[in-house]
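Heads up: the protein sequence lines correspond to chains A and B, in order.
Residues in the first sequence are numbered consecutively from 1, following UniProt numbering.
Residues in the second sequence are numbered consecutively from 1, following UniProt numbering.
C-beta atoms are modelled at their ideal positions from N, C-alpha and C, and glycine is treated no differently.
Protein chains: 2
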Amino acid sequence: MTVTAPAGFDAAGIAAGIKRTGALDLAVIVNRGPSQAGAAVFTSNRAKANPILWSQQVAADGVVSAIVLNSGGANCFTGHQGFQVTHRTAEAAATALGVSAGDVLVCSTGLIGDQLDGEVLEEGVLSAVNRLASDDAAGLDAARAIMTTDTKPKTVVVTGDGWSIGGMAKGAGMLAPGLATMLVVITTDADLPADTLDRALRAATRVTFDRLDSDGCMSTNDQVTLLASGASGVAPDEASFTESLTEACRDLALQLQGDAEGASHDIVIEVRGAETEGDAVEVGRSVARNNLFKAAIFGNDPNWGRVLAAIGTASAPFDPYLVDVTMNGVRVCHSGGPDRPRDEVDLTPRTTHVLIELHAGEASATILTNDLTHDYVHENSAYSS
Amino acid sequence: MTVTAPAGFDAAGIAAGIKRTGALDLAVIVNRGPSQAGAAVFTSNRAKANPILWSQQVAADGVVSAIVLNSGGANCFTGHQGFQVTHRTAEAAATALGVSAGDVLVCSTGLIGDQLDGEVLEEGVLSAVNRLASDDAAGLDAARAIMTTDTKPKTVVVTGDGWSIGGMAKGAGMLAPGLATMLVVITTDADLPADTLDRALRAATRVTFDRLDSDGCMSTNDQVTLLASGASGVAPDEASFTESLTEACRDLALQLQGDAEGASHDIVIEVRGAETEGDAVEVGRSVARNNLFKAAIFGNDPNWGRVLAAIGTASAPFDPYLVDVTMNGVRVCHSGGPDRPRDEVDLTPRTTHVLIELHAGEASATILTNDLTHDYVHENSAYSS
């Protein structure tokens with residue numbers, strides 16, 4: 001159950017020959033309407049891939065007919081030639097589908113700096129359009145076709161009152177979204193205009209994908225797209241739609257965390273007692289990006305000193321000497337000093353909960369991250385070779 | 001040749017029993033004068049260890065008689081009890097040396113969050129004072145006594161015209177100074193007042209230790225101390241002293257980089273063509289802190305796309321699509337697109353040179369970092385156990 005679960009969407013995932021392995025590498029998702037409302041958020045990295053530059057233009061008017069996604073190459077820092085490949089991809093899909101190229105989004109993922117072969121992509125798009133279907137299998141093929149180092153496809157379905165949301169995601173490395181995120185496509189048959197979709201998408205991603213910081217490295221190709229077909233004939237109120245969309249995004253974010261490259265722990269960093277939510281996010285992120293802390297968790301070592309050393313680099317207002325730190329239920333630091341013995345903390349479960357109480361206010365936020373492992377280093381030491 | 005090379009300094013390094021291994025763990029360095037001018041810079045981490053809180057007060061008046069340094073425990077986040085241990089350490093040294101405790105600096109390094117044993121430290125200080133000597137062996141013992149995961153002592157001597165500078169340093173992890181740095185003691189027999197020493201020290205550290213960012217993790221205990229005995233009777237001009245001091249600091253910074261935990265590459269990130277020096281530092285640091293880039297270098301993989309993805313997160317003014325990247329002499333990226341083939345780049349030497357030309361101005365800066373290796377993860381995954 002994925003992007004084809006809501007009514008009005010067809011999908012396909014094929015092996016176009018972009019990946020040398022012969023694995024699925026190209027997906028097409030089409031919104032059959034009656035509405036073709038769409039919204040998207042993009043990476044805030046200033047180094048943006050060609051498909052991002054293209055898709056930002058396409059999404060601007062809130063009308064999206066289809067989206068083409070490929071793995072096997074990011075088409076980033078590939079110059080004019082790379083942009084032409086993206087354009088040609090959209091044109092090929094538009095011609096085959098009888099829509100305007102200006103309504104076709106393109107997403108790419110893979111190695112930065114290599115040219116994609118425009119002919120391979122064009123033939124792949126035609127082949128995928130011929131296999132479009134609205135069944136589960138087609139949706140799952142699409143979810144598989146966008147995988148890179150992901151070990152499994154990520155999909156979600158959330159059901160509303162007479163309408164539903166379906167989604168798929170990829171992302172295993174370069175996983176530290178800022179205002180936007182990994183490759184995610186979310187469909188709905190709710191009947192909502194583009195501006196509502198845009199608000200709902202920004203609200204949902206702000207507290208889900210934007211709180212996931214697996215390895216501190218922001219991608220050049222991140223994009224989350226929301227497509228609405230209106231095929232259910234139901235127009236839910238914005239609040240309940242946003243709530244369901246947030247649920248779908250959170251579910252996908254947790255799946256991304258759980259499949260992060262080489263990770264052996266899913267770390268939940270909960271910051272409480274901050275003056276503002278932004279302060280809580282900053283403090284949590286400082287811990288999520290601290291390699292020494294992340295390596296300690298890999299070693300099942302409840303080294304709370306590294307938590308405090310990390311948050312000492314944040315600018316949020318709090319007194320480091322009043323902070324409490326609790327790891328998997330054991331308060332190991334109280335008022336900036338040692339509390340319960342470290343050896344009471346059991347870090348063998350995959351999920352590690354770190355609670356940081358700042359005693360500076362009432363705001364809170366949770367950041368999701370992963371540990372720093374041998375396998376992370378291994379997977380990322382020879383990705384391009 | 002180390003801190004005892006300049007005239008007027010005695011040193012000792014002993015095994016006080018702080019480390020369970022029985023290795024050297026306590027050093028004392030005494031300035032015998034005639035001058036007792038001193039200056040120090042401290043970590044800008046808001047989470048500061050007790051010895052930092054103490055030493056900031058001691059250094060404020062520019063008079064420093066002695067410095068006590070211990071490894072085997074950071075005395076950080078150890079509350080009032082920890083501060084009392086630092087105070088007791090300074091008092092013990094002051095009494096034994098016949099000086100004021102308010103003129104005795106204290107530095108500690110090791111695990112955060114564990115209490116040091118005040119009695120062990122006091123006895124250690126007395127024992128070290130009894131062994132003070134001005135010969136090379138005593139200076140080398142002191143340099144060895146501050147080591148933690150360092151594999152070798154780091155020392156330097158720079159000779160001026162009738163005066164000299166000697167130095168020692170430790171630091172292998174949590175190595176990302178901000179305005180200050182690791183544990184470093186530098187001595188000189190030049191006759192210079194404290195305010196001159198302070199200016200010279202800030203100027204030297206700004207372009208040396210502050211440009212070293214091995215693992216992005218800022219320490220709670222960093223301190224660089226400069227002590228001047230005036231024993232040479234020579235008062236060099238400030239510019240030439242600053243130049244020699246900078247040379248000594250750069251030499252020690254390179255030794256720290258070369259011995260960074262688990263590292264297999266010393267990476268020199270040279271940023272040119274920035275609008276300001278601060279912009280060049282920001283861009284260089286964004287690359288130095290990118291785990292994907294650092295893992296690629298470990299794998300001898302010239303993955304320049306990760307360099308561009310990293311600098312795209314910087315706020316410095318430049319156009320990412322105009323940037324050139326050269327790795328070990330091979331320009332792999334030109335104007336934001338592929339240039340020479342990756343396989344022309346040989347990354348097997350320990351030193352990796354990454355040149356980033358922003359084409360946005362005339363300013364430049366160089367940041368030193370290391371790769372992200374299996375050994376880094378291994379060393380840091382069980383440090384406290």
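CB-CB under 7 Å to residue i, same chain, minus the five flanking residues each way: which ones, in chain order?
i: B:Asp346; result: Asn328
i: B:Gly102; result: Val58
i: A:Thr348; result: Asn300
i: A:Ala96; result: Val125, Leu126 and Val129
How should residue i be labelled, buried or exposed, when 16 other C-beta atoms within 10 angstroms of its C-beta is the threshold for buried?
i: B:Asp343; result: exposed
i: A:Lys170; result: buried
i: A:Ala263; result: buried
i: B:Thr78; result: buried
i: B:Ala93; result: buried
i: A:Ala60; result: exposed
i: B:Ala180; result: Note that B:Ala180 scores 43 on pLDDT, short of 50, meaning its location in the model is unreliable and no value can be drawn from it.
i: A:Ala47; result: buried
i: B:Gln57; result: exposed
i: A:Ala66; result: buried
i: B:Gly305; result: buried
i: B:Arg20; result: exposed
i: A:Gly98; result: exposed
Roughly how many whole angstroms lie between the Cα atoms of residue i and residue j?
i: B:Ala12; j: B:Thr2; result: 12 Å
i: B:Thr109; j: A:Ser335; result: 21 Å
i: A:Phe83; j: A:Ala248; result: 32 Å
i: B:Ala280; j: B:Leu197; result: 27 Å
i: B:Gly167; j: B:Leu227; result: 10 Å
i: B:Ile269; j: B:Val330; result: 14 Å
i: A:Asp135; j: A:Val64; result: 21 Å
i: A:Ser100; j: A:His87; result: 12 Å
i: B:Ala253; j: B:Ser315; result: 27 Å
i: B:Leu212; j: A:Val307; result: 22 Å
i: B:Val28; j: B:Val129; result: 7 Å
i: A:Ala240; j: A:Val158; result: A small correction: the amino acid at residue 240 of chain A is Ser; Ala does not occupy that position in the sequence shown. Cα-Cα distance, rounded: 12 Å.
i: B:Val30; j: B:Ser55; result: 15 Å
i: A:Gln115; j: A:Gln81; result: 8 Å
i: B:Pro153; j: B:Ala145; result: 9 Å
i: B:Val185; j: B:Val41; result: 11 Å
i: A:Thr43; j: B:Arg350; result: 34 Å
i: A:Pro51; j: A:Arg289; result: 28 Å
i: A:Thr242; j: A:Ala200; result: 5 Å
i: A:Glu123; j: A:Val325; result: 56 Å
Check each candidate in the options and name the one with the smallest Cα separation from residue i.
i: B:Ser127; options: B:Ala59, B:Ser134, B:Gly17 and B:Asn221; result: B:Gly17
i: A:Ala137; options: A:Asp266, A:His265, A:Glu282 and A:Asp10; result: A:Asp10
i: A:Thr89; options: A:Gly98, A:Cys76 and A:Leu69; result: A:Leu69
i: A:Asp141; options: A:Gln255, A:Asp150, A:Leu26 and A:Leu116; result: A:Leu26
i: A:Asn75; options: B:Ala309, B:Gly8 and B:Asp259; result: B:Ala309
i: B:Glu194; options: B:Glu270, B:Val158, B:Ala37 and B:Tyr321; result: The identity of residue 194 of chain B in the sequence shown is Ala, whereas the question assumes Glu. Per the Cα distances, B:Ala37.
i: A:Ser219; options: A:Ala316, A:Val157 and A:Cys107; result: A:Cys107
i: A:Met147; options: A:Ala23, A:Ala296, A:Gly113 and A:Ser164; result: A:Ala23
i: A:Leu322; options: A:Ala288, A:Leu358 and A:Ile311; result: A:Leu358
i: A:Thr313; options: A:Ser286, A:Ala296, A:Asn300 and A:Val41; result: A:Ser286
i: B:Ala296; options: A:Asn303, A:Ala382, A:Gly361 and A:Asp259; result: A:Ala382
i: A:Phe293; options: B:Thr43, B:Glu379, B:Gly8 and B:Ile52; result: B:Glu379
i: B:Ile267; options: B:Ser214, B:Leu111 and B:Ala143; result: B:Ser214
i: B:Leu256; options: B:Leu111, B:Thr373 and B:Leu183; result: B:Leu183
i: A:Pro317; options: A:Thr4, A:Arg32, A:Val283 and A:Val325; result: A:Val283
Note down, in chain order, each residue of its chain lying with its Cβ closer than 8 Å to the Cβ of residue i, except the 5 sequence neighbours on either side.
i: A:Thr246; result: Ala203, Ala204, Val207 and Thr208
i: A:Ser364; result: Glu270, Val271, Arg272, Gly273, Ala274, Glu277 and Ala280
i: B:Asp259; result: Asp150, Thr151, Lys152, Lys154 and Ala172
Less than 8 Å separating the Cβ of residue i from some heavy atom of the ligand MN?
i: A:Asp150; result: In the structure on display, the ligand MN does not appear, and there are no ligands present to speak of.
I believe residue i touches residue j by the beta-carbon criterion, under 8 Å. Please report the beta-carbon distance rounded to the nearest angstrom.
i: B:Thr149; j: B:Ala172; result: 4 Å
i: B:Asp189; j: B:Pro338; result: Rounded, the Cβ-Cβ distance is 56 Å, inconsistent with contact.
i: B:Gly216; j: A:Asn291; result: 6 Å
i: B:Thr225; j: B:Leu105; result: 6 Å
With a threshold of 6 Å on Cβ separation, who are the neighbours of residue i within its own chain once the five nearest residues in sequence on each side are excluded?
i: A:Pro34; result: Gly230
i: A:Gly160; result: Pro236 and Ser244
i: A:Gly113; result: Phe77
i: B:Gly118; result: Val85 and Arg88
i: B:Val354; result: Ile269 and Met327
i: A:Gly72; result: Ile18, Lys19, Asp25 and Gly110
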